[in-house]
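**Q** First the structure, then my questions, so here it is.
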Amino acid sequence: DTGVSQNPRHKITKRGQNVTFRCDPISEHNRLYWYRQTLGQGPEFLTYFQNEAQLEKSRLLSDRFSAERPKGSFSTLEIQRTEQGDSAMYLCASSLDRANTDTQYFGPGTRLTVL
Amino acid sequence: GDSVTQMEGPVTLSEEAFLTINCTYTATGYPSLFWYVQYPGEGLQLLLKATKADDKGSNKGFEATYRKETTSFHLEKGSVQVSDSAVYFCALSAGGTSYGKLTFGQGTILTVHP
Numbered sequence: 803d804t805g806v807s808q809n810p811r812h813k814i815t816k817r818g819q820n821v822t823f824r825c826d827p828i829s830e831h832n833r834l835y836w837y838r839q840t841l842g843q844g845p846e847f848l849t850y851f852q853n854e855a856q857l858e859k860s861r862l863l864s865d866r867f868s869a870e871r872p873k874g875s876f877s878t879l880e881i882q883r884t885e886q887g888d889s890a891m892y893l894c895a896s897s898l899d900r901a902n903t904d905t906q907y908f909g910p911g912t913r914l915t916v917l
Numbered sequence: 718g719d720s721v722t723q724m725e726g727p728v729t730l731s732e733e734a735f736l737t738i739n740c741t742y743t744a745t746g747y748p749s750l751f752w753y754v755q756y757p758g759e760g761l762q763l764l765l766k767a768t769k770a771d772d773k774g775s776n777k778g779f780e781a782t783y784r785k786e787t788t789s790f791h792l793e794k795g796s797v798q799v800s801d802s803a804v805y806f807c808a809l810s811a812g813g814t815s816y817g818k819l820t821f822g823q824g825t826i827l828t829v830h831p
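Going down the list, the sequences are from chains A and B.
Sequential numbering from 803 applies to the first sequence in our numbering.
Sequential numbering from 718 applies to the second sequence in our numbering.
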């Protein structure tokens with residue numbers, strides 16, 4: 803396994819700009835999750851994909867956020883018109899849908915700083 | 718809704734001391750319970766898990782027992798090392814038709830001194 807990878811690792815942007823993050827899950831994993839982690843807090847769920855279908859979005863995911871997973875492989879998370887409150891670490895995780903072993907493997911995260 | 722509460726940190730211990738980090742949860746149904754660890758500069762890693770009541774998860778000398786009667790999943794280690802210094806997160810995945818979405822506690826920072 804090469805593990806879950808995320809790019810970029812760091813992103814600094816000005817308020818009002820759009821940003822896009824990419825997540826490459828472990829190759830055979832069909833489930834993919836996005837979480838957001840702010841300083842001193844645990845990760846919070848944002849959205850989930852089963853293959854290419856986005857099955858749930860948290861109320862934390864405002865209309866400025868959109869996520870895709872074309873072809874059920876990599877995923878992108880876009881934030882439009884960024885705000886300073888969007889500054890956080892964005893984590894991606896993947897897992898394999900198999901009975902009793904739905905362990906999520908996390909990527910290193912993308913740290914977003916909105917100036 | 719589902720929630721996880723961890724003991725407030727940070728926790729500072731000397732090497733070879735006994736460690737306990739408390740975790741309690743609120744959930745409907747029968748969740749699976751997890752401890753994740755985040756070492757400095759690294760991503761979250763699964764440390765151990767338990768999927769049903771009275772199960773004990775263990776890994777790298779750490780243990781936690783799923784206690785349904787007290788809705789707890791406390792993390793313990795008999796003798797900590799400097800290399801155990803990290804942030805520890807308790808988490809749950811709701812049971813039933815859940816697809817595995819994790820709900821995390823706020824994390825506990827552990828620092829172990831030589």
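Every residue gets a Cβ at the ideal spot worked out from N, C-alpha and C, and that includes glycine.
Since the structure is predicted, the reported quantities are computational estimates derived from the model, not experimental observations.
1. Please state if the CB of Q843 (chain A) and the CB of Q723 (chain B) are separated by a distance shorter than 8 angstroms.
2. Leaving out the 5 sequence neighbours to the left and right, which residues in its chain are closer than 6 angstroms to Q906 (chain A) when beta-carbon positions are compared?
3. Are the beta-carbon atoms belonging to K816 (chain A) and L917 (chain A) less than 8 angstroms from one another?
4. Please tell me whether G760 (chain B) and P910 (chain A) are closer than 8 angstroms, where the distance is taken between their beta carbons.
5. Interface residues of chain A around K818 (chain B) at Cβ under 8 angstroms?
6. Would you kindly work out how many angstroms separate the C-alpha atoms of Q755 (chain B) and K873 (chain A), rounded to a whole number?
7. If I measure Cβ to Cβ from S731 (chain B) and keep anything under 6 angstroms in the same chain, skipping five residues before and after, which residues do I get?
8. Closer than 8 angstroms by beta-carbon distance: list the chain B residues that pair up with L893 (chain A), in chain order.
9. Find out if the Cβ-Cβ distance for the pair P912 (chain A), R811 (chain A) is shorter than 8 angstroms.
10. Measure the C-alpha to C-alpha separation of E846 (chain A) and Y805 (chain B) and round it to an integer number of angstroms.
11. Please list the partners that S829 (chain A) has in chain B, where partner means a Cβ-to-Cβ separation under 9 angstroms.
12. Quick check on K785 (chain B): does DSSP put it in helix, strand or coil?
13. Could you have a look at D826 (chain A) and say whether DSSP puts it in helix, strand or coil?
14. Could you check what DSSP says for S802 (chain B) in three-state terms: helix, strand or coil?
15. Taking E786 (chain B) as the reference, which of B:V797, B:A770, B:P748, B:V799 has the closest Cα?
16. F821 (chain B) touches chain A at which residues, Cβ-Cβ below 9 angstroms?
17. List the DSSP bridge partners of A895 (chain A).
18. Going by DSSP, name the residue or residues bridged to T840 (chain A).
19. Is the beta carbon of E885 (chain A) closer than 8 angstroms to that of S877 (chain A)?
20. Among the candidates A:I814, A:N820, A:S829, whose CA atom is the shortest distance from the CA of F867 (chain A)?
**A** A quick look at the data gives this:
1. Taking the first residue of the second sequence as 1, we reach residue 723 (chain B) at position 6. Taking the first residue of the first sequence as 1, we reach residue 843 (chain A) at position 41. Cβ distance not < 8 angstroms, so Q723 (chain B) and Q843 (chain A) don't count as in contact.
2. The residue given as residue 906 (chain A) occupies position 104 in the first sequence. Answer for Q906 (chain A): A895, S897, listed in chain order.
3. For this step, residue 816 (chain A) is matched to residue 14 along the first sequence. For this step, residue 917 (chain A) is matched to residue 115 along the first sequence. Yes, the pair counts as a contact, with Cβ atoms nearer than the cut-off.
4. Start at 1 with the first residue of the second sequence, and residue 760 (chain B) comes out as number 43. Start at 1 with the first residue of the first sequence, and residue 910 (chain A) comes out as number 108. Against a cut-off of 8 angstroms, the Cβ pair of P910 (chain A) and G760 (chain B) comes out as a contact.
5. Walking along the second sequence from the start, residue 818 (chain B) turns up at place 101. Here the neighbours are Y835, F847, Y850, E858.
6. As a working note, residue 755 (chain B) is residue 38 in the second sequence. As a working note, residue 873 (chain A) is residue 71 in the first sequence. Distance between the alpha carbons of Q755 (chain B) and K873 (chain A) is about 31 angstroms.
7. Start at 1 with the first residue of the second sequence, and residue 731 (chain B) comes out as number 14. These residues qualify, in order along the chain: H830.
8. Position 91 of the first sequence holds residue 893 (chain A). Simply G760, L761.
9. Counting from 1 along the first sequence, the entry for residue 912 (chain A) is found at position 110. Counting from 1 along the first sequence, the entry for residue 811 (chain A) is found at position 9. Residue identity check: residue 912 (chain A) is Thr in the sequence provided, not Pro. Taking 8 angstroms as the Cβ cut-off, T912 (chain A) and R811 (chain A) qualify as a contacting pair.
10. Taking the first sequence and counting its residues from 1, the one referred to as residue 846 (chain A) is at position 44. Taking the second sequence and counting its residues from 1, the one referred to as residue 805 (chain B) is at position 88. If you take the alpha carbons of E846 (chain A) and Y805 (chain B), they lie about 15 angstroms apart.
11. Walking along the first sequence from the start, residue 829 (chain A) turns up at place 27. Correct list: empty, because the minimum Cβ distance to chain B is about 18 angstroms.
12. On the second sequence, position 68 is the one that residue 785 (chain B) refers to. Coil.
13. Walking along the first sequence from the start, residue 826 (chain A) turns up at place 24. The answer is strand: DSSP assigns D826 (chain A) an E or B state.
14. Against the second sequence, residue 802 (chain B) aligns to sequence position 85. Reduced to three states, the DSSP call for S802 (chain B) is coil.
15. Numbered from its first residue, the second sequence carries residue 786 (chain B) at position 69. Checked all of B:V797, B:A770, B:P748, B:V799; the closest Cα to E786 (chain B) is B:A770.
16. Counting from one through the second sequence, the residue named residue 821 (chain B) turns up at place 104. Residues of chain A passing the Cβ test: Y837, Q839, Q843, G844, P845, E846, F847.
17. Against the first sequence, residue 895 (chain A) aligns to sequence position 93. According to DSSP, A895 (chain A) bridges with A:Y835, A:F908.
18. In the first sequence, the residue the question calls residue 840 (chain A) occupies position 38. According to DSSP, T840 (chain A) bridges with nothing at all.
19. Within the first sequence, the letter at position 75 stands for residue 877 (chain A). Within the first sequence, the letter at position 83 stands for residue 885 (chain A). No, the pair does not count as a contact, with Cβ atoms beyond the cut-off.
20. The count along the first sequence starts at 1 and reaches residue 867 (chain A) at position 65. Checked all of A:I814, A:N820, A:S829; the closest Cα to F867 (chain A) is A:N820.
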